[in-house]
Structure formats: C-alpha cells, structure tokens
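Every number in our numbering is 590 more than the matching position in the sequence shown, counting from 1. Structure record follows, encoded as structure tokens.
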Amino acid sequence: MALDTADATDQLLGRGDIPPVHEVNAAGTSPFLLTSDHYGRVLPRALGDLGVAEAELTRHIAWDIGIAGVADRLAEMLDAHLIAQHYSRLVIDCNRPPAAVSSIPVMSEATGVPRNEAISEGERGARRREIFEPYHHRIDAAIDRRLHAKQPTVLVSLHSFTPVYAGVARPWHIGALYNRDTVLPQLLLKHLRAEGDLVVGDNEPYAVSDLTDYTIPVHGEARGLINTGIEIRQDLIADQSGQQQWAERLARIFAEIEVELRAERLLD
Ligand SMILES: [Zn+2]
C-alpha cells in the first residue's frame, strides 16, 4: 500500500465557501484581544453534511451556541478587536493541537462523524492549512502588531458550554478557565462572584491544558500575555436578549478589570 503523504494540491475550500476568519474592530483601542475558536458552524461545501444529521449539526458538538452574539456585541462595547472562526469544530477544532485525536473528531459526545473517518493525510492537511492556520496566523499577526506598537494586550478566549453533557447537568452560569495565568482569572472570578446572582466555575466545566487546548497555551501563555478563557452556559445566551445581557455584563466587568490592571501597572 502506498504511503499517503500530505499533498499541497489537496484543496478544501472553493467557490461558494466563505473565508475562515471573522473580525470585528481590527483597530480597536481596548487592551482586550478577543478570540472565538468555535464561533461558527459553517461546513465547507465539499464536505456536504459530514454524514451527520442536520439536527446534530445545530447542537453544541458543532459550535459554541450563542457565543457569536456575545462576542460581536462585547467587541463593539469594549472597542476590542475580535478574531473568530466561522467553520464548525467538526471540520477541524481550532482549539486543539492539530496532532490531537480530537482535532478532526470521528466522535463527538455520542455522535459519530462518518466523513471524518479514515481521511487521508492530504485532506487532514488541507483542513489545517485552509481553516486552522489562517485563523491562528491572524491572531499571531494581530499580537505581533500590537506588541510592536506597544499596545497593551490581554487575551480573552470566549467559549460557551452545553448545560447538560453526557446526561449530567452543569450548575455553573459562567466559568473562568486557565492554566498558568495567575492574574486575570483570579480578577475575573472575584468580579463574577461579586455579581451575587451567579454560580461561578473556577476552572469549570473545564481546565485549560496544553493537550486539550491551543489558543490560550500558544497565543496567551507562550507569548507572555495576561489571559483567560471564559465559558458561558449556552441556555443563557441562546437568544439575542441573553447575548445582549451577557455582553453588557462582561463589558462592565472588563472595564473595571482594566482599571485594576492599569493601577497595578500590568498594562504598561
Ligand atoms: Zn468552545
């Protein structure tokens, strides 16, 4: 059997496919740089429905339900740069190292993804080259530009989580997610707890790790940026009024956090 090697002629996106990267406020003045790895659930035309039922393709396994509406609004309210990714994480997960088995999942929760089974290295490479890399290169370039311009930069990675996973209900409204950062997650937790009406997850429902995450380890930690992940429960932001309320709440909290970071001279 011939070895199946990566072939740069494999092409995934074509006529009728949108670019992978979505941006708001590229010239935003806020120190907060927002990212959204699971913003969209678009499928490249060449992949059809991935062999997955339509009802499954609108569930959390395909994207972070509600986060797009929060992210766009929050970027506007803060005058912050948002970099987000349009394609479904069932095509390639932009918050997984490309070498991870879950990068191009053949199973998500209890749903099989037949189109992802036994794909060639060429196809795997095309997904990485045409979706994963443009997104992460854009974040890299934005950070480069900001650091060169001496613009303070704090990375905030926005996600949402399903209220019930594998039959288990999750109590948290929102969680701060982190690994090595000791500054921003603790500030954020303090502010979220002070709201008084929230069940706040401290590294819940997930913790960030080098094996299961990409954006925070690579763009936050490796570049020495203050950073945090945020996970909002999806039933709270399923409609536009919920998205607006949560964007307003987070905009208010991040404005307060910015004042504290400046007072501590952490944005110099
Ligand atoms: Zn996510």
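Each residue gets a CB set at the ideal place from its N, CA and C atoms; glycine is no exception.
So residue i is in the alpha helix (DSSP H); what residue range does that whole segment cover?
{"i": "D730", "result": "723-738"}
{"i": "D662", "result": "657-668"}
{"i": "A853", "result": "830-853"}
{"i": "E613", "result": "Looking at the DSSP string, E613 is not in any alpha helix (DSSP H); the run it does join, the beta strand (DSSP E), is 611-614."}
{"i": "H781", "result": "774-784"}
Who are the Cβ neighbours of residue i in its own chain at under 8 Å, not counting the five residues just before and after it?
{"i": "T625", "result": "L672, I673, A674, I729, L745, V746, S747, L748, T805, H809"}
Starting from residue i, trace the beta strand (DSSP E) both ways and give me its first and last residue.
{"i": "H749", "result": "744-751"}
Classify residue i as buried or exposed, calling it buried when 16 or more other Cβ atoms lie within 10 Å of its own Cβ.
{"i": "Q861", "result": "Past the boundaries of the shown model lies residue 861; the chain is included only from 591 to 858, so the question cannot be answered."}
{"i": "I608", "result": "exposed"}
{"i": "S831", "result": "exposed"}
{"i": "H738", "result": "exposed"}
{"i": "D858", "result": "exposed"}
{"i": "T772", "result": "exposed"}
{"i": "P704", "result": "exposed"}
{"i": "A759", "result": "exposed"}
Contact defined as beta carbons within less than 8 Å: I believe residue i pairs with residue j. What is the distance between those atoms, to the nearest angstrom?
{"i": "P610", "j": "P724", "result": "5 Å"}
{"i": "L680", "j": "T743", "result": "Rounded, the Cβ-Cβ distance is 31 Å, inconsistent with contact."}
{"i": "D654", "j": "L647", "result": "Wrong, their Cβ atoms sit about 14 Å apart, outside the cutoff."}
{"i": "I651", "j": "E699", "result": "6 Å"}
{"i": "L774", "j": "N817", "result": "6 Å"}
Should residue i be counted as a contact of ligand 1 given a C-beta to heavy atom distance under 7 Å?
{"i": "H809", "result": "no"}
{"i": "D627", "result": "yes"}
{"i": "H749", "result": "yes"}
{"i": "D654", "result": "yes"}
{"i": "N817", "result": "no"}
{"i": "N685", "result": "yes"}
Who are the near neighbours of residue i in its chain, counting only those whose CB is closer than 7 Å to its CB and skipping five residues on each side?
{"i": "T595", "result": "Because the pLDDT at T595 is just 48, under 50, the model does not fix this residue reliably, and the value given afterwards should be weighed accordingly. Counting only Cβ-Cβ distances below 7 Å, and skipping sequence neighbours, we find E711."}
Grab me the residues of residue i's own chain with a C-beta within less than 6 Å of its C-beta, minus the 5 sequence neighbours each way, in chain order.
{"i": "P761", "result": "V789"}
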